[in-house]
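Asker: Before we start, here is the structure in question, set down as C-alpha cells.
Numbering (the working numbering), first residue to last: 878 to 1312.
Below is the structure:
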C-alpha cells in the first residue's frame, strides 16, 4: 500500500486487481455495504498467475495435501473425509492424506472440491494474500472451489466474513440476495436464520450473473448467495476477509475495565442465576456503572489529568489500549513474508558494503528511542519480539523500515563495518531479508 501525495489517495495494488473502481470509491461506496461485480474486461489483469486448473491437479496429486486443507461437498452436504482421503503408503502411513483416486470418483459423481488455506499452500497466493492484507488492514484467507459441470456446491447461505470471488476457469451462475441479518459476527452463522435465508432466496435476486474467467465479485458479509457451475468445470477463488468491527473496539475497551473498582465487587449470595427478575437489578446496576466508566473517558490529550476518568484510562490513552489489543489480535491472525533460513544464513556470511537488504514484507513494527542506564537505545518492537540496538543505528533502522532495497554502504549514520553488524543482527532476528 502506497500513498499518492499529490492526490491524497491510497494506492492498493493487490485490492485493485479485484475491483473495477478506484480504491477510494470502493472504500466509500462498497466496502461492507453492497456487492460489486467486475467484468474481466474492466480489470487491469487476469488471474492466471495466481491459480489454474493445472494447479488443482498438482495440489491433489503431488503436494501431499491433507485434511483440513481439502474437503468435498455434494449437493450442499459436506462429505466425510474418509470418502476422499487415505494413507499414503510407506513412509506416509497417516490416513488423512488426499487420495487422488477417491477424489476423482467423487468429483466425477458431481462433488465439489474445496481447497482450503491456499494462502498457506500455494506460493503465488501466499504472496498475493500478504499484499492484500496490507491493502485491506484485515485478516484474509483463500479457498478454491472446484465444481463439476451443472453442479452446485452449497445451498443458499451467507458468510460471516466479506469475500472476493475470482473466477479462474469455466462459468458459474451466481444468485445473490439481500441480507436477512446484516453484518453478522462470527458467532452468528447463517444456520441461526435458516428459514429466513430460505425465504429470501425465493425472492428476486439483487444480483443474477454468470462469472466467466477473469471476472471478480465482491460480497459483504451477510449477503445470501448460491452458485451453480455451467457447461464445464468451474474453478474460482474465494478470498475471505475477517473484518474487524466496532464491536471489537467495544470488547477491547471493556477488557480494560478490570481496574474499575465498582465492577470488581462480588455479587450477592444466594442468587438464582436462572431467574431473570432476580438478576435484573444486578444487571441494571452493572450497566449503569459501565456507562459511567465509559462516559468518563476523556479526550486522549487530557486523559492523564482527568480525575473523573477510571484509573485504567488515566494511566494510558484509551485509543492506545485498543490499539494494542487489536494489533496483537491482528498479528496472531496474519503472517509476514516468510523467511528462507538457508538463504538468510548464506547472506549473513557474505555481508559487505555491496549487500542489498530490505525490511521483511508485511512485518509491522514500532521504532522508538529510549534512555537506559547504559545510554540511549533504539528499540524495534514487532508482534513477537523487542530488539534493542545502539542509538547510533536509529537513522539506519528508520531508513530500512521505510521500505525498498537498501545497499549496506548507503545506510545513514553508520560506517560499513557498523552497518554489517547491525544488518547481521536484523537478518538473524527475521526483521530484514536479503533483497
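All C-beta atoms, glycine included, are put in the ideal place defined by N, C-alpha and C.
With DSSP as the reference, please indicate the residues paired to residue 1049 in a beta bridge.
Answerer: Translated into positions along the chain shown, residue 1049 becomes position 172. According to DSSP, residue 1049 bridges with 1088, 1106.
Asker: If you measure between the beta carbons of residue 959 and residue 990, is that distance less than 9 Å?
Answerer: On the chain shown, position 82 is the one that residue 959 refers to. On the chain shown, position 113 is the one that residue 990 refers to. No, they are not a contact pair.
Asker: Should residue 1260 and residue 1241 be called a contact, given that it needs their Cβ atoms to be closer than 9 Å?
Answerer: Position 383 of the chain shown, counting from 1, holds the residue named residue 1260. Position 364 of the chain shown, counting from 1, holds the residue named residue 1241. In this structure, residue 1260 lies near residue 1241, with their beta-carbon atoms less than 9 Å apart.
Asker: CB residue 1315 to CB residue 1066, shorter than 9 Å?
Answerer: Nothing can be reported for residue 1315, as the shown portion of the chain is limited to 878 through 1312.
Asker: Identify, in the order they occur along the chain, each residue of the same chain with its Cβ nearer than 8 Å to the Cβ of residue 1293, setting aside the five sequence neighbours on each side.
Answerer: Translated into positions along the chain shown, residue 1293 becomes position 416. Excluding residues within five positions, the ones whose Cβ falls inside 8 Å are 1229, 1230, 1285, 1286.
Asker: Does the pairing of the segment 951-971 with the segment 1000-1014 give three or more beta-carbon distances under 8 Å?
Answerer: no
Asker: Going by the beta-carbon positions, is the gap between residue 1141 and residue 1149 smaller than 9 Å?
Answerer: Here residue 1141 is taken as the residue at index 264 of the chain shown, counted from 1. Here residue 1149 is taken as the residue at index 272 of the chain shown, counted from 1. At a Cβ-Cβ threshold of 9 Å, residue 1141 and residue 1149 do not count as neighbours.
Asker: Distance check for residue 1233 and residue 1312, CA to CA, integer angstroms please.
Answerer: Position 435 of the chain shown, counting from 1, holds the residue named residue 1312. Position 356 of the chain shown, counting from 1, holds the residue named residue 1233. Roughly 5 Å separates the two Cα atoms.
Asker: Classify residue 1048 as buried or exposed, calling it buried when 16 or more other Cβ atoms lie within 10 Å of its own Cβ.
Answerer: In the chain shown, residue 1048 corresponds to position 171, counting from 1. Looking at its Cβ environment, which holds 16 or more other Cβ atoms inside 10 Å, residue 1048 is buried.
Asker: Measure the Cβ-Cβ separation of residue 1093 and residue 1042 and say whether it is below 9 Å.
Answerer: Along the chain shown, read from residue 1 onward, the residue named residue 1093 stands at position 216. Along the chain shown, read from residue 1 onward, the residue named residue 1042 stands at position 165. Yes. Within cutoff.
Asker: What does the alpha-carbon distance come out to for the pair residue 1308 and residue 1236?
Answerer: The sequence position of residue 1308 within the chain shown is 431, counting from 1. The sequence position of residue 1236 within the chain shown is 359, counting from 1. Cα to Cα, the separation comes out at about 6 Å.
Asker: What distance in whole Å lies between the Cβ atoms of residue 1045 and residue 1113, which are believed to be in contact at a cut-off of 8 Å?
Answerer: Taking the chain shown and counting its residues from 1, one reaches residue 1113 at position 236. Taking the chain shown and counting its residues from 1, one reaches residue 1045 at position 168. Under the criterion of beta carbons closer than 8 Å, residue 1113 and residue 1045 qualify as touching, at roughly 6 Å.
Asker: For residue 1206 versus residue 1125, is the C-beta distance shorter than 9 Å?
Answerer: Position 329 of the chain shown, counted from the start, is the residue given in the question as residue 1206. Position 248 of the chain shown, counted from the start, is the residue given in the question as residue 1125. Between residue 1206 and residue 1125, the C-beta gap is smaller than 9 Å, which places the two residues in contact.
Asker: Tell whether a beta-carbon distance below 9 Å holds between residue 1018 and residue 948.
Answerer: Residue 1018 sits at position 141 when you count from the first residue of the chain shown. Residue 948 sits at position 71 when you count from the first residue of the chain shown. No, they are not a contact pair.
Asker: Kindly indicate which three-state DSSP category residue 1023 falls into: helix, strand or coil?
Answerer: The count along the chain shown starts at 1 and reaches residue 1023 at position 146. Reduced to three states, the DSSP call for residue 1023 is strand.
Asker: Of the residues 1224, 963, 977, which one's Cα is nearest the Cα of residue 1216?
Answerer: Numbered from 1 along the chain shown, position 339 holds the residue referred to as residue 1216. It is 1224.
Asker: Which runs of the beta strand (DSSP E) at least 3 residues long sit entirely within the segment 948-1010? Give them in chain order.
Answerer: 989-992
Asker: Taking the continuous alpha helix (DSSP H) assigned at residue 1197, which residues delimit it?
Answerer: Position 320 of the chain shown, counted from the first residue, corresponds to residue 1197. First-last of the alpha helix (DSSP H) with residue 1197: 1195-1210.
Asker: According to the Cβ coordinates, are residue 1154 and residue 1028 closer than 9 Å?
Answerer: Residue mapping note: residue 1154 aligns to position 277 of the chain shown, counting from 1. Residue mapping note: residue 1028 aligns to position 151 of the chain shown, counting from 1. No, Cβ-Cβ distance for residue 1154 and residue 1028 is not below 9 Å.
Asker: Give me, in chain order, the residues of the same chain whose beta-carbon lies closer than 8 Å to that of residue 1302; leave out the 5 immediate sequence neighbours on both sides.
Answerer: Position 425 of the chain shown holds residue 1302. Within the same chain, residue 1302 has close Cβ partners 1264, 1266.
Asker: Rank 916, 1099, 1013, 1218 by C-alpha distance to the C-alpha of residue 1088 and give the top, closest one.
Answerer: The residue you call residue 1088 lines up with position 211 of the chain shown. Checked all of 916, 1099, 1013, 1218; the closest Cα to residue 1088 is 916.
Asker: Would you grab the beta carbon distance between residue 1111 and residue 1078 for me? Rounded to a whole angstrom, and I think it's under 8 Å.
Answerer: Here the question's residue 1111 lines up with position 234 in the chain shown. Here the question's residue 1078 lines up with position 201 in the chain shown. Actually they do not touch by this definition, with Cβ atoms about 20 Å apart.
Asker: Write down the C-beta distance between residue 951 and residue 988 rounded to the nearest angstrom, noting that I regard them as a contact closer than 8 Å.
Answerer: On the chain shown, residue 951 is found 74 positions in, with the first residue counted as 1. On the chain shown, residue 988 is found 111 positions in, with the first residue counted as 1. Between residue 988 and residue 951 the Cβ distance is about 4 Å, and since that is below 8 Å, they are a contact.
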